[in-house]
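Participant: Here the sequence shown stands for residues 1 to 363, where the numbers follow this note's numbering.
Virtual Cβ for every residue (Gly too), placed ideally from N, Cα, C.
Given the structure is predicted, the values throughout are model-derived calculations rather than measurements.
Here it is, the structure, as structure tokens.
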Amino acid sequence: MVYIVALLAVIFLGLAAVVVSRMATVVKNASGPVEEGRIGMSNRINGLLMVVFFVTGLIGAIWSFLHAKQFFLPEASTPHGRHTDFLFWLGMSIITIAFVVTNALLFFFAWRYQHREGYKAAYYPENHKLELIWTVIPAVVMALLVFTGWKAWRDIMAEAPENAQVFEIVGKQFNWIARYPGVDNNKLGSFNYKLIDNNNETGIDYTDEASFDDFVSTSELHIPVNKPILLKIRARDVLHSVFIPHLRVKMDAVPGMPTRFQFTADKTTDEMKNITGNPNFTYEIACTEVCGQGHFSMRIRLVVEDEASWLAWCKEQKPLLTSTPELASRIPANLKAKAAKYLPADATAAPADSVTASILPKG
């Protein structure tokens, strides 16, 4: 590290010496007359180099864009994603046009109005009409861009429709946990971070009977196509960020502050395989917030399928209460009867045996 600092110091001193030398040359030339021919030749060369630099840079920028286009994401698989992409490319187009026009004029003027012998520059102090034009037009364009962007954000962050299918995704170092509401009228049970342990990684609260049929998955999230989705998001430990690039879904997962994102996926995983020509294509939920050493591995597969296939898959899953009967101890006595159908037979028999034993006479 010391050697690097020393090298940078030497480079800095060298550049400083060059700058001082050039400044000395400028001051020296300014103190006396300079040959007119030398000024003209220097200006012509510099003016020509300005135009060459602009044209070369423009060609390079166009080539870079066309070359990188093959790596762009395909068309978004959500209506809001396509609208967002449209606004992005609209803004980029306006900015690019303004950039090219202003820089073209800048480099052209450097060549066109270079110093010429006998040429006297015109004094142009002000032009209120011109100033009004280049102030009002950018202001109006900017206002329109801001308004359309705000409207898109408002629509995306609006309350989800009543028929939206609810899911929850919980981030922790270093994986995602997807929670499904089971079949109880599309309702997720309550949660409490104090209940989190190895058997209950999302802190499901079993004092809420809506929790009894909730089930979880750490490998994939299945959602139905062409149906509004309400994705509830939270984090267990540090800041994470839910990112589904092909659906243009992105929202931070903040500890202690649940967030949400609503969307409608209108292309199934199988359809995207045909569109992309990639038989191994899969949607992916990644984390775009550096959350520790294992951040690179924090991802989960997203499966978008027709509703019939999605329902069939859900019916094959077992509620967490069924796969982890130890959680039955957290169910209040007045709700044990309702929870019995989700518990294995041996898990429900134990409480009954204990009650029978308590009422039989001793000896």
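By alpha-carbon positions, which one of Tyr119, Leu58, Gly292 ends up nearest to Pro100?
Facilitator: One point to set straight first is that residue 100 is Val, not Pro, in the sequence displayed. Among Tyr119, Leu58, Gly292, the Cα nearest to that of Val100 belongs to Leu58.
Participant: In this structure, does DSSP put Tyr283 in helix, strand or coil?
Facilitator: Reduced to three states, the DSSP call for Tyr283 is strand.
Participant: Evaluate Glu168 with the Cβ neighbour count: other Cβ atoms within 10 Å of its Cβ, from every protein chain shown; 16 or more gives buried, anything less gives exposed.
Facilitator: With 16 or more Cβ atoms within 10 Å of its Cβ, Glu168 is classed as buried.
Participant: Would you mind stating whether Leu231 and Asp252 have Cβ atoms separated by less than 8 Å?
Facilitator: Not closer than 8 Å, so no.
Participant: Can you give the Cα-Cα distance for Trp176 and Met50, rounded to whole angstroms?
Facilitator: Straight-line Cα distance between these residues: approximately 53 Å.
Participant: By the DSSP assignment, the alpha helix (DSSP H) with Val170 in it spans what residues?
Facilitator: From DSSP, Val170 is part of no alpha helix (DSSP H) but of the beta strand (DSSP E) over 165 to 172.
Participant: Enumerated in chain order, which unbroken segments of the beta strand (DSSP E) with a length of 3 residues or greater are wholly contained in the segment 202 to 243?
Facilitator: 215 to 217, 220 to 224, 228 to 235, all fully within the segment 202 to 243.
Participant: According to DSSP, what are the bridge partners of Gln262?
Facilitator: Paired residues: Leu230.
Participant: Where Gln317 and Leu66 are concerned, what is the direct C-alpha to C-alpha distance, given to the nearest angstrom?
Facilitator: Roughly 46 Å between the two C-alpha positions.
Participant: Helix, strand or coil: which one does DSSP assign to Tyr119?
Facilitator: Note: Tyr119 maps to coil in three-state DSSP.
Participant: Which runs of the beta strand (DSSP E) fall wholly inside the segment 70 to 148 and span at least 3 residues, in chain order?
Facilitator: The qualifying runs do not exist here; there are none.
Participant: Can you give me the C-alpha to C-alpha distance between Leu132 and Pro138, rounded to a whole angstrom?
Facilitator: Going by the C-alpha atoms only, they are around 10 Å apart.
Participant: How would you call Leu311, buried or exposed, if buried means at least 16 neighbouring beta carbons within 10 angstroms?
Facilitator: Its Cβ having fewer than 16 others within 10 Å, Leu311 is exposed.
Participant: Put Lys52 into one of helix, strand or coil per three-state DSSP.
Facilitator: Correcting the residue identity first, residue 52 is Val in this sequence and not Lys. It is helical.
Participant: Below 8 Å on the Cβ atoms is my guess for Val170 versus Thr202; work out the distance and round it to an integer in Å.
Facilitator: Correct: roughly 5 Å between the Cβ atoms.
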